[in-house]
Amino acid sequence: MVDRRNAPDAPPLSRGSPRREGSAERSASTAPCIRCALGKVISLARLHEYQGKRLLREAGLNVPRGAAASSADEARRIARELASPVVIKIQAWTTGRKAMGGVAFASTPDEAAQAAQRLLSMKVGAFPVEQVLVEEQLPIEHEVFVSLSIDDAARRPVLLLGVSGGTGIEERAEQVARISVGIDGTLDRAAIVSRLAASRISSTLHTPLADAVAKVAALARRIEARSVEVNPLVTTRDGRIVAADCRMTIDDYAVFRHADLGIDIARELDHPPTALERIAYAIEQADHRGTFYFAQLPIEAGKPVIGFHGAGGGGSMMSMDAITAAGFAIANFTDTSGNPSVAKVYRAARIILAQPGIVGYFGSGSGVASQEQFHSAYGLAKAFLEMSLAIPAVIRLGGNSEDRAVEILEDACRGLPAPVRGFRKDDTPAACAAHFHKLVQQCSARPATMQRRVPDFVGRPDSYSFAITGGRVWIDHAACDAAATQLVVQHSAGLLREQGGKPVLAVSEEEIAGKDSELIACEIECRRAGRPVLFVDLPIAGLDKTQ
Amino acid sequence: MAIIIDEKKSVIVQGITGREGRARTKLMKEFGTNVVAGCTPGKGGDSVLDIPVYDTVLEACNYAESYMGEKVDVSVIFVPAALVKAAAIEAIEAGVKMLLLVPDRVPVWDAMEIYAAAQASGARFVGPNTLGVLSPGKAVIGMIGGRAQSAREWFRVGHVGIISRSGGMTSSCGYYLGRAGVGLSTLVHVGGDSILGLRIPEVALMFEEDPQTRAMVIFGEIGGSQEEQLAELIAQRRITKPVIAYIGGAAAKEGTRFSHAGAIIEGGKGTHAGKVKALRAAGATVAEAFGDLPAATVEVLDRHAIPLCLEP
């Protein structure tokens, strides 16, 4: 799906009326879901019903005959092959599909095509319906509700079993039995049978039903699900037991062990991944030094919108509370923490700044960081300088080496079109937010579209250059007099040395590849000293031209 | 006293030769933690910061007992997430009774397996995804403070135990309380994941038993049921020491996932408003803004005639 919000040619948006395409319906239909953005709080990878049913079938359960369709013609063909009345269901991550008109019944292939046409034009929240499932209609006799989830308090899986039917089960919690499940995915079939004894379901089906439920639990274990719900598991008038519907979420921490499940972005979002979210996810996958989360949030209309850069889940949430209380809407959630590389902080800042219409950049985490804060200062300064930052930035850099971090950031960013201020651990998020508010008000310019600029010696044949992971380092040898060369070598942490009056590599190409943090520090220090002769070019695929 | 860690406890580090293991061992040692040995399979015979490295936990434990006369109390684990389960179970089988699982992204079913193994052996663990545990003036496990000098400057010795669901906010709570003159017994980051070895209510019960601790400060967050369970313990008078709490995430509205049937077991718990209400109803003090937490703590300590600090 093309997301025009992030297109480079998107017009600058006016201050005070943040209107991104799609933001109106996102605001209306879904509350800002910061929990989703905080992948560490809840991070799931969901499967569609048809994908889940494939797994259930492989696990030995009956599922209705049928297949997924993404066009009316396909739906017609499937209905014809089934040669029976069909049910057509939107494939969307939601409950209550029936109530929203997402389920249709058809007696002929043409009716099925018509229904599919209508369902495929629906939108669920921010998700357009892209597929429908076309299945045989079942002669249902009884419905059973089966749901396996992880009980955080017990640190065990738990299976919920409702024998009086599935529809509206959420409202009838008292009718649901808890069946304990072993961490190996086994469960007590006798407990299920005894529960079924209280139902109107024929006793000959009790043991096969218990077997089916046991297969669901075993499947959940095999695929390392956070939850598997079969609602309903039905008995039919012809005596079959069939999984009529299902929802599954896989533990995203375990997705690496289940490549066969074909999970795209192992992170729960309340909207299809935006172009920027995909770019950010690719960066995270390519660089495992520290954490990087990026998610765009639905925007509250009528408030000035800002880019947010947090560090650590709890500190980020607290800082978002403070900035929201100061009257701003937050365009995105971002968290770089866990001792991230400087390149990662830089790339996170670039992605935040790629959001059109933001009137300021607010960075704040826990405020008392154990990690060395000057790394963050270098990464942010690099991004702000390259983009000639035109919106005010307030960054709370509290924690280890905070004085050095604030000095680096503020000094390097002197002379930019907009003010950049650093704060320390003794400055509260609320005080930082208030200062930020003042700066945004003083900054009368409309948010401009910022363009990345690289120095002219990048790519020039007479420049000295070497590759690092994800980019290239360029040194303007023509401009390197003795003083500049000494400066570069002095700030290179031993990675560069002087040769013939010019700075050159002092270590192997293999060793330099992962030294982005030291090299970016060197770049910023040279710039602070007024001799910008070294540049670390880290183009971002999807944002910048890359080779 | 203090809980989980003090200067007398013997500590081993699994994954001591890695980048993080090495860096954090330096912090632990310099702060005063009694790190007796390290383990990395295949690196037996090496040493890190003069600490001997063994291939297995059992060998490290044997060394500690036979040459130093010390039983290993705690193992701190710094190995990649996918290997945490094997490392933790190795330590549990070697008889270590307290583990700290630092890495994040440990698969949930692995965490449940570790928990079951720990239960079966009478072991406990903090984490996964934890910044660690620090007892001011005594010892640290994990990486709270980052550097020994910072950790000493930031945290004072006293009677308040901190329990936090956020790593960074563990340090923040400790630091801002220190600035308000409040000293601490132990700071515990329970970890950021959903399946945890020790949850807030269980750590609170440990503080309840600890003579040095006379009040508790909680940094809670939306989601899950840890804060509600703590409220139940207070209401049942199983926690009698004063509790002061702040719950982060007021700006985060409920996500659509609460309409999901799995939410029935939560019984409507997990919201910011629900947590604040449950804690207040049980008698805890809840600060509206994080910045109010130190003053609220001082006020509660004064009301109970608890000295703010143990330092001169």
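One line per chain: the protein sequences are A and B, in this order. Residue numbers are given in my numbering: position 487 of the first sequence equals residue 498, and the series is strictly consecutive. Residue numbers are given in my numbering: position 94 of the second sequence equals residue 112, and the series is strictly consecutive. Note that beta-carbon positions come from the ideal geometry of N, C-alpha and C, so glycine has one too.
Please compile the residues from chain A whose C-beta is within a distance smaller than 9 Å of the C-beta of D122/B.
Position 104 of the second sequence, counting from 1, holds the residue named residue 122/B. For D122/B, the C-beta contacts it makes with chain A under 9 Å involve K51, Y264, T302, G349, in order along the chain.
Please report the straight-line C-alpha distance between G368/A and V316/A, rounded to a whole angstrom.
Locating residue 368/A in the first sequence gives position 357, where the first residue counts as 1. Locating residue 316/A in the first sequence gives position 305, where the first residue counts as 1. Rounded to whole angstroms, G368/A to V316/A spans 7 Å at the Cα level.
Since N80/B is in the alpha helix (DSSP H), which residue starts that stretch and which ends it?
Stepping through the second sequence from its first residue, residue 80/B is reached at position 62. 75-86 is the extent of the alpha helix (DSSP H) around N80/B.
Chain B contacts from the segment 372-394 of chain A (Cβ-Cβ distance under 9 Å):
Going along the segment 372-394 of chain A in chain order, one finds G376, S377, G378, V379, A380, S381, Q382, E383 with a Cβ nearer than 9 Å to chain B.
At 7 Å on the CB atoms, spell out the chain B contacts of T439/A, in chain order.
Position 428 of the first sequence, counting from 1, holds the residue named residue 439/A. Those within 7 Å of T439/A in chain B are G309.
How many Å lie between A100/B and A270/A at the Cα?
Walking along the second sequence from the start, residue 100/B turns up at place 82. Walking along the first sequence from the start, residue 270/A turns up at place 259. Taking the straight line joining both Cα atoms gives about 15 Å.
Member of D122/B, V206/B, A135/B whose CA lies at the smallest distance from the CA of I95/B
Stepping through the second sequence from its first residue, residue 95/B is reached at position 77. Closest by alpha carbon: D122/B.
At least one CB of chain A closer than 7 Å to the CB of A106/B: is that the case?
The residue given as residue 106/B occupies position 88 in the second sequence. Cβ-Cβ to chain A under 7 Å: no for A106/B.
Any idea if D195/A is buried or exposed, counting beta-carbon neighbours within 10 angstroms, 16 or more meaning buried?
Residue 195/A sits at position 184 when you count from the first residue of the first sequence. Exposed, by the Cβ-count rule.
Since S28/B sits in a beta bridge, which residues does DSSP pair it with?
For the purposes of this step, residue 28/B is taken as the residue at position 10 of the second sequence. N52/B, per the DSSP bridge assignment.
What do you get for R538/A, buried or exposed, if any count of 16 or more other CB atoms within 10 angstroms of its CB means buried?
Taking the first sequence and counting its residues from 1, the one referred to as residue 538/A is at position 527. In summary, R538/A is buried, with 16 or more beta-carbon neighbours lying within 10 Å of its beta-carbon over all protein chains present.
Is the shortest distance between the beta-carbon of I194/A and the beta-carbons of chain B less than 7 Å?
Position 183 of the first sequence, counting from 1, holds the residue named residue 194/A. For I194/A, the answer is yes, since a Cβ of chain B falls inside 7 Å of its Cβ.
Thinking C-beta only, is G326/A closer than 7 Å to S377/A?
Position 366 of the first sequence, counting from 1, holds the residue named residue 377/A. Position 315 of the first sequence, counting from 1, holds the residue named residue 326/A. It is a contact, given that the beta carbons lie within the stated cut-off.
For the alpha helix (DSSP H) containing C443/A, list its first residue and its last residue.
Stepping through the first sequence from its first residue, residue 443/A is reached at position 432. Here the alpha helix (DSSP H) through C443/A covers 440-453.
Have a look at the DSSP bridge pairing and note the partners of G150/B.
As a working mapping, residue 150/B is identified with position 132 in the second sequence. Paired residue(s): G160/B.
Status (buried if at least 16 other CB within 10 Å, exposed otherwise) for V465/A
Within the first sequence, the letter at position 454 stands for residue 465/A. Per the 10 Å Cβ criterion, exposed.
If you draw a straight line from the alpha carbon of R425/A to that of V431/A, how long is it in whole angstroms?
Sequence index remark: in the first sequence, residue 425/A carries index 414 (1-based). Sequence index remark: in the first sequence, residue 431/A carries index 420 (1-based). Spanning the alpha carbons of R425/A and V431/A requires a straight line of approximately 8 Å.
Since Q128/A and H59/A are thought to touch, with beta carbons under 8 Å apart, how far apart are those beta carbons, to the nearest angstrom?
Working through the first sequence from its first residue, we reach residue 128/A at position 117. Working through the first sequence from its first residue, we reach residue 59/A at position 48. So it is not a contact: roughly 20 Å between Cβ atoms.
So, with DSSP's three-state summary, where would you put H488/A?
Residue 488/A sits at position 477 when you count from the first residue of the first sequence. The answer is helix: DSSP assigns H488/A an H, G or I state.
Amino acids of chain B, ordered along the chain, whose beta-carbon sits closer than 7 Å to that of A436/A:
For this step, residue 436/A is matched to residue 425 along the first sequence. Contrary to the premise, residue 436/A reads as Lys rather than Ala in this sequence. Neighbours of K436/A on chain B, chain order: Y193.
Between A123/A and G470/A, what straight-line distance do the alpha-carbon atoms span, to the nearest angstrom?
For this step, residue 123/A is matched to residue 112 along the first sequence. For this step, residue 470/A is matched to residue 459 along the first sequence. If you take the alpha carbons of A123/A and G470/A, they lie about 59 Å apart.
Pairing CB atoms from the segment 237-255 of chain B with CB atoms from the segment 170-188 of chain B, are three or more of them under 8 Å?
Counting Cβ pairs under 8 Å, three or more are found: they touch.
Identify whether I324/B lies in helix, strand or coil by the three-state DSSP scheme.
In the second sequence, counting from the first residue as 1, residue 324/B sits at position 306. Three-state DSSP puts I324/B in coil, outside helix and strand.
Can you list, in chain order, the residues of the segment 146-162 of chain B whose Cβ is nearer than 8 Å to any Cβ on chain A?
Under the 8 Å Cβ criterion, the segment 146-162 of chain B contributes N147, L149, M161, I162.
At the level of alpha carbons, what is the spacing between A489/A and S476/A?
By one-based count along the first sequence, residue 489/A stands at place 478. By one-based count along the first sequence, residue 476/A stands at place 465. Approximately 13 Å between the Cα atoms of the pair.
Does the separation of the CB atoms of P146/B and Y264/A fall below 7 Å?
For the purposes of this step, residue 146/B is taken as the residue at position 128 of the second sequence. For the purposes of this step, residue 264/A is taken as the residue at position 253 of the first sequence. The answer is no: Cβ separation not under 7 Å.
Run through DSSP, which three-state label would C257/A get?
For the purposes of this step, residue 257/A is taken as residue 246 along the first sequence, with counting starting at 1. In this structure, C257/A counts as strand in the three-state DSSP scheme.
Measure the CB-CB distance between L244/A and A254/A and report whether it falls below 7 Å.
Position 233 of the first sequence, counted from the first residue, corresponds to residue 244/A. Position 243 of the first sequence, counted from the first residue, corresponds to residue 254/A. Cβ distance < 7 Å, so L244/A and A254/A count as in contact.
What does D163/A touch in chain B if you count any residue whose Cβ is under 7 Å from its own?
Within the first sequence, residue 163/A is the residue found at index 152, counting from 1. Within 7 Å Cβ-Cβ: S212, I213, G242, S243.
Candidates L223/B, K103/B, M224/B, G155/B, of which the one nearest F49/B by Cα
Mapped onto the second sequence, residue 49/B falls at position 31. The candidate whose alpha carbon is nearest that of F49/B is G155/B.
What do you reckon, are the CB atoms on V370/A and V266/A nearer than 7 Å?
Looking up residue 370/A in the first sequence gives position 359. Looking up residue 266/A in the first sequence gives position 255. Taking 7 Å as the Cβ cut-off, V370/A and V266/A do not qualify as a contacting pair.
Using a beta-carbon distance below 7 Å, is M133/A in contact with chain B?
Position 122 of the first sequence, counted from the first residue, corresponds to residue 133/A. Cβ-Cβ to chain B under 7 Å: no for M133/A.
Step through the CB atoms of chain A and report whether any lies within less than 7 Å of the CB of V178/B.
In the second sequence, residue 178/B corresponds to position 160, counting from 1. No, because no Cβ of chain A sits closer than 7 Å to the Cβ of V178/B.
D228/B to A416/A span [Cα, whole Å]
For the purposes of this step, residue 228/B is taken as the residue at position 210 of the second sequence. For the purposes of this step, residue 416/A is taken as the residue at position 405 of the first sequence. Going by the C-alpha atoms only, they are around 39 Å apart.
Mapping DSSP to helix, strand and coil, what is T274/B?
In the second sequence, the residue the question calls residue 274/B occupies position 256. Since pLDDT at T274/B reaches only 29, below the 50 mark, its modelled position is unreliable, and the value read off the structure follows with that caveat. Reduced to three states, the DSSP call for T274/B is helix.
Does the beta-carbon of K109/A have 16 or more other beta-carbons within 10 angstroms, so that it is buried, or is it exposed?
As a working mapping, residue 109/A is identified with position 98 in the first sequence. It is exposed - the Cβ of K109/A has fewer than 16 other Cβ atoms within 10 Å.
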